[in-house]
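Quick note: the sequence shown uses our numbering, first residue 1, plus one each step. Glycine included, every Cβ here is placed at the ideal spot set by N, Cα and C. Only a predicted model underlies this, so the values are computations on that prediction, with no experimental measurement involved. Accompanying notes for the structure given below.
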Amino acid sequence: MDAVGYALAAAVKVRGGIVEAKSPHTFAVQGLRGFALNGKGYACGGTDTSTAYQRVFIYDPTLNVWGEVASMPGLRAYGVTFSIGTKGYWTGGQGNDSSLFEYDPAANTWSLKSQITTGRQNAAGFSLGDKGYVCGGNINGPSTTNKVEMYDSTTNTWSTKASMPDARVYATGFSLSGKGYIAGGADSSLSIRNTLYEYDSATNTWATKAAMLDSKNSPAGFAIGSTGYVAGGDQINTIDAYDPVTNKWSRQGYLEQRRHQSATFAIGNSAWIVGGYSQTQQVITNVNTQFTAPYTEGLDNLIGWLAAI
1 MDAVGYALAA AVKVRGGIVE AKSPHTFAVQ GLRGFALNGK GYACGGTDTS TAYQRVFIYD
61 PTLNVWGEVA SMPGLRAYGV TFSIGTKGYW TGGQGNDSSL FEYDPAANTW SLKSQITTGR
121 QNAAGFSLGD KGYVCGGNIN GPSTTNKVEM YDSTTNTWST KASMPDARVY ATGFSLSGKG
181 YIAGGADSSL SIRNTLYEYD SATNTWATKA AMLDSKNSPA GFAIGSTGYV AGGDQINTID
241 AYDPVTNKWS RQGYLEQRRH QSATFAIGNS AWIVGGYSQT QQVITNVNTQ FTAPYTEGLD
301 NLIGWLAAI
């Protein structure tokens with residue numbers, strides 16, 4: 001490497017994969033769910049095993065502080081959340097609930113929307129454009145399903161879409177580059193899996209992609225940029241990244257403890273994993289962990305320098 005090469009290597013450094021403790025949730029809770037709107041994170045509902053909650057808390061990542069916003073219309077835990085445009089949504093949950101609630105941050109109000117066709121709990125979900133998808137979960141009590149339903153926010157209607165290749169409960173979901181993904185979870189025999197399924201809304205088809213590095217039950221899933229991440233789980237604390245271009249997984253770090261049934265939201269180059277059950281400490285927790293994805297420091301300056309040559 002010549003002098004110019006050494007200078008470039010020194011100027012451009014890969015940073016990230018950082019795990020930091022942030023201001024904890026107001027109280028210890030598991031089975032809560034999250035979404036991000038307008039640069040803020042929301043942690044909704046949950047339970048302490050004896051009581052389910054309808055309270056909703058807002059997190060400001062710039063100030064690292066929590067506040068409280070309007071509560072959901074009913075007690076909610078183990079449901080599915082997603083965001084579409086400027087609105088947040090919660091559907092399903094404990095007792096195989098079929099309700100759908102929409103949150104408007106401008107008005108700080110929740111409104112009841114069209115019910116999902118099949119009520120379920122511990123399902124996974126994601127959003128693509130103006131549509132939200134709810135995948136798998138428990139229906140009719142403990143039965144595990146592979147059924148997928150889509151919510152159209154423009155018409156306030158649900159429709160059935162192609163089922164996943166296999167039944168899943170306790171999985172996680174995220175959307176990435178126009179596709180939806182369902183990772184991990186347990187099958188109908190409650191065996192924990194490392195599978196990754198990709199949904200193409202244009203063709204209404206599912207494809208099996210590269211398996212995760214570990215099997216994960218009730219992990220946190222999120223997307224940052226063009227990369228998907230799955231963090232933690234019932235018996236594991238690893239943070240792994242999925243590259244849809246190469247169809248490969250890579251290890252990016254570790255949570256502070258084995259944790260599952262948390263709320264998750266991603267803002268900018270970071271994601272926050274809030275509350276849940278700590279398998280390490282055997283307690284419900286209020287821990288709030290920020291994961292900052294790898295990024296290249298000095299790249300903008302390098303691009304400008306190269307353009308000027």
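> Taking the alpha-carbon positions, what's the residue 4 to residue 27 distance?
Replying inline: Reading the sequence shown from its first residue, position 4 is the one you call residue 4. Reading the sequence shown from its first residue, position 27 is the one you call residue 27. For residue 4, the predicted structure reports a pLDDT of 42, less than 50, and the residue's modelled location is therefore unreliable. The matter cannot be settled from this model.
> DSSP state of residue 8, grouped into three classes?
Replying inline: The sequence position of residue 8 within the sequence shown is 8, counting from 1. Any reading at residue 8 must be qualified, since the residue scores a pLDDT of 36, below 50, and its modelled position is unreliable; no value is offered.
> By how many angstroms is the C-alpha of residue 283 removed from the C-alpha of residue 62?
Replying inline: Within the sequence shown, the letter at position 62 stands for residue 62. Within the sequence shown, the letter at position 283 stands for residue 283. If I take the Cα positions, the gap works out to 29 Å.
>> What does the alpha-carbon distance come out to for the pair residue 165 and residue 198?
In response: Residue 165 sits at position 165 when you count from the first residue of the sequence shown. Residue 198 sits at position 198 when you count from the first residue of the sequence shown. In this model, residue 165 and residue 198 are separated by some 10 Å (Cα to Cα).
>> Short of 8 Å in beta carbon distance, which residues of its chain neighbour residue 130, apart from the five on each side in sequence? Order them along the chain.
In response: Taking the sequence shown and counting its residues from 1, one reaches residue 130 at position 130. Correct list, in chain order: 84, 85, 152, 153 and 154.
>> Here's a check: name, in chain order, each residue in its chain whose Cβ is nearer than 8 Å to the Cβ of residue 256, leaving out the five neighbours to either side.
In response: The residue you call residue 256 lines up with position 256 of the sequence shown. Short of 8 Å from the beta carbon of residue 256, and not among the five residues preceding or following it, lie these beta carbons of its own chain, in chain order: 19, 21, 237, 287 and 289.
> What did DSSP end up calling residue 288 once you bin it into helix, strand or coil?
Replying inline: Residue 288 sits at position 288 when you count from the first residue of the sequence shown. For residue 288, the three-state secondary structure derived from DSSP is strand.
> Under the rule that 16 or more other beta-carbon atoms within 10 Å means buried, what is residue 168, buried or exposed?
Replying inline: Locating residue 168 in the sequence shown gives position 168, where the first residue counts as 1. Per the 10 Å Cβ criterion, buried.
>> Spatial neighbours of residue 82 within its chain, please: C-beta separation below 7 Å, excluding the five flanking residues on both sides.
In response: The residue you call residue 82 lines up with position 82 of the sequence shown. Only residues of its own chain outside the window of five on either side were considered, and among them 35, 89, 125, 126, 127 and 132 have a CB closer than 7 Å to the CB of residue 82, listed in chain order.
> Considering only residues of the same chain and omitting the five flanking positions on each side of residue 207, which have a CB-CB separation below 6 Å?
Replying inline: Residue numbering aside, residue 207 sits at position 207 when the sequence shown is read from its first letter. Within the same chain, residue 207 has close Cβ partners 198.
> In chain order, what residues of the same chain have a beta carbon less than 8 Å from the beta carbon of residue 240, not counting five sequence neighbours either side?
Replying inline: Residue mapping note: residue 240 aligns to position 240 of the sequence shown, counting from 1. Correct list, in chain order: 212, 213, 214, 229, 230, 231, 249, 250, 251 and 252.
> Would residue 91 pass as a contact of residue 99 if the rule is Cβ separation under 9 Å?
Replying inline: Counting from one through the sequence shown, the residue named residue 91 turns up at place 91. Counting from one through the sequence shown, the residue named residue 99 turns up at place 99. Taking a C-beta distance under 9 Å as the contact criterion, residue 91 and residue 99 qualify as a contact pair.
> Taking just the CA atoms, how far does residue 119 sit from residue 159?
Replying inline: For the purposes of this step, residue 159 is taken as residue 159 along the sequence shown, with counting starting at 1. For the purposes of this step, residue 119 is taken as residue 119 along the sequence shown, with counting starting at 1. Roughly 13 Å between the two C-alpha positions.
> Can you name, in chain order, every residue of its own chain whose Cβ lies under 7 Å from the Cβ of residue 292, other than the five neighbours on each side?
Replying inline: The sequence position of residue 292 within the sequence shown is 292, counting from 1. Correct list, in chain order: 16, 18, 269 and 270.
>> Nearest by alpha-carbon distance to residue 115: which of 264, 31, 259 and 102 is it?
In response: In the sequence shown, the residue the question calls residue 115 occupies position 115. That would be 102, whose Cα lies nearest to the Cα of residue 115.
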